[in-house]
Amino acid sequence: MSKYILKDKIVIITGAAKGIGKAAARLLAESGAHVIIADVDPDGEKTAAEIGGIFVKTDISSPEQVENLKGTAQEKYGRIDVLINNAARQDVFPLFDTSPERFRDIIFTNLCGTFNCIRIIGEVMEPGSRILNCLSVHHDVPRQNKYAYDASKAGLAMLTKETALEFAERGITVNGISYGAVKTPMNADWTSDPEKSKAVSKNIPLGWIAEDYEIAGYMKSVIEDFSDHATGTIFTIDGGRSLL
Numbered sequence: 214m215s216k217y218i219l220k221d222k223i224v225i226i227t228g229a230a231k232g233i234g235k236a237a238a239r240l241l242a243e244s245g246a247h248v249i250i251a252d253v254d255p256d257g258e259k260t261a262a263e264i265g266g267i268f269v270k271t272d273i274s275s276p277e278q279v280e281n282l283k284g285t286a287q288e289k290y291g292r293i294d295v296l297i298n299n300a301a302r303q304d305v306f307p308l309f310d311t312s313p314e315r316f317r318d319i320i321f322t323n324l325c326g327t328f329n330c331i332r333i334i335g336e337v338m339e340p341g342s343r344i345l346n347c348l349s350v351h352h353d354v355p356r357q358n359k360y361a362y363d364a365s366k367a368g369l370a371m372l373t374k375e376t377a378l379e380f381a382e383r384g385i386t387v388n389g390i391s392y393g394a395v396k397t398p399m400n401a402d403w404t405s406d407p408e409k410s411k412a413v414s415k416n417i418p419l420g421w422i423a424e425d426y427e428i429a430g431y432m433k434s435v436i437e438d439f440s441d442h443a444t445g446t447i448f449t450i451d452g453g454r455s456l457l
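Numbered by my numbering, the letters in the sequence shown go through residues 214 to 457 in order.
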């Protein structure tokens, strides 16, 4: 198994304005990759400037905006080597206090949006390219009040496997990374609260919450070291959370 060289690779990372996506963008740029940040958050412009990449404002739930993202990457670089589907939204709601529209909005971004990226961008990727989808330990570990987010990640797990079959004959790998509790802006409602953080840590066998750069490092390792003969695989880094 050879090591995948990231230097001079063209990488699109969705949802990379902040959090894990931003940490991954910085790490891959430091490895010599040309990183394109796709996000609805205008802070993506600042992140791109920090790492020497480019920012394309993109709502991945819109096929038209994903087409624009693809066109921008092709026009500037002529190709796309790595696609990291990291963009996601989450919401917390009791089952009977929400609406189908609220549930659907999360599914449209997390699942349908990732489908848009794989279908539209994957169509022009060449043999040897990599697609990496970001899941959650809760794609198969149930909990309460995050129904839409967890259902979207469960769907993404199967989408990862089925698109891996589709892309295999083209020599393109499709894998997923599943992680547990991470200190990110999206989780600030509980990571900023010592008591809530302590309660979350009790459900992690290793006893502590991951940092965004740790997940980014694992993403880099999957792309570089494990994606030659691995496809349709969900790699897990969760401190043992899925064991419970």
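Ideal Cβ placement from N, Cα and C applies to all residues, glycine included.
Give the C-beta separation of residue i and residue j to the nearest angstrom, bearing in mind that I take them to be a contact with Cβ-Cβ under 8 angstroms.
| i | j | result |
| --- | --- | --- |
| Val178 | Thr271 | Not covered by the structure: residue 178. The range shown for the chain is 214 to 457. |
| Arg383 | Pro340 | 6 angstroms |
| Ile333 | Val279 | 5 angstroms |
| Thr260 | Ile250 | 6 angstroms |
| Ile428 | Ile264 | Not really, about 17 angstroms apart at Cβ, beyond 8 angstroms. |
| Ala300 | Ile293 | In fact, because the Cβ distance is near 16 angstroms, the residues do not count as touching under 8 angstroms. |
| Gly430 | Leu240 | 7 angstroms |
| Asn323 | Thr227 | With a Cβ gap of about 11 angstroms, Asn323 and Thr227 do not count as contacting. |
| Tyr362 | Asp406 | Tyr362 to Asp406, Cβ: 19 angstroms. No contact. |
Of the residues the options, which one's Cα is nearest the Cα of residue i?
| i | options | result |
| --- | --- | --- |
| Val395 | Leu241, Ala261, Gly266, His351 | His351 |
| Tyr217 | Gly232, Ser405, Val435, Lys289 | Val435 |
| Ile267 | Asp438, Arg343, Ala242 | Ala242 |
| Glu336 | Leu296, Gly452, Gly257, Ile233 | Leu296 |
| Leu378 | Ile344, Asp353, Asp363 | Ile344 |
| Asn281 | Ile225, Met399, Ala246 | Ile225 |
| Ala401 | Asp451, Glu424, Ala381 | Glu424 |
| Lys235 | Asp318, Gly284, Pro398 | Pro398 |
| Gly393 | Arg315, Val354, Arg239, Gly445 | Val354 |
| Leu369 | Asp441, Glu437, Cys330, Gly265 | Cys330 |
| Ile447 | Glu277, Asn346, Phe306, Arg315 | Asn346 |
| Met432 | Asp221, Ala238, Gly291, Pro255 | Ala238 |
| Gly445 | Lys366, Asn298, Glu437, Thr386 | Thr386 |
| Arg454 | Phe306, Ser349, Asn358 | Ser349 |
| Ser391 | Asp438, Ala367, Thr322 | Ala367 |
| Ala306 | Ile319, Asn298, Asp221, Ser440 | At residue 306 the sequence reads Phe, which differs from the Ala that was named. Minimum Cα distance to Phe306 is reached at Ile319. |
| Tyr290 | Thr327, Phe316, Lys222 | Lys222 |
| Glu258 | Glu277, Ala229, Gly245 | Ala229 |
| Ser365 | Phe380, Cys325, Asn358 | Cys325 |
| Ser312 | Phe328, Glu277, Gly245, Tyr360 | Tyr360 |
Have a look at the DSSP bridge pairing and note the partners of residue i.
| i | result |
| --- | --- |
| His352 | According to DSSP, which records beta bridges pairwise, His352 is partnered with nothing at all. |
| Ser391 | Leu348, Thr449 |
| Thr227 | Ala251 |
| Arg239 | Beta-bridge pairing links Arg239 to no other residue. |
| Lys396 | Glu424 |
| Thr386 | Arg343 |
What are the boundary residues of the alpha helix (DSSP H) that includes residue i?
| i | result |
| --- | --- |
| Val305 | Per DSSP, Val305 belongs to no alpha helix (DSSP H) and is neither H nor E. |
| Asp252 | Premise fails: Asp252 lies in the beta strand (DSSP E), 247-252, not in any alpha helix (DSSP H). |
| Leu282 | 276-290 |
| Pro313 | 313-320 |
| Tyr362 | 360-381 |
| Arg454 | Note, Arg454: premise wrong, no alpha helix (DSSP H); not H, not E. |
| Lys259 | 256-264 |
| Thr327 | 326-335 |
What are the start and end residues of the beta strand (DSSP E) that includes residue i?
| i | result |
| --- | --- |
| Ser410 | Looking at the DSSP string, Ser410 is not in any beta strand (DSSP E); the run it does join, the alpha helix (DSSP H), is 407-414. |
| Phe268 | 267-270 |
| Leu296 | 295-298 |
TODO: Could you tell me whether the stretch 414-429 touches the stretch 358-373, where touching means 3 or more Cβ pairs closer than 8 angstroms?
DONE: no
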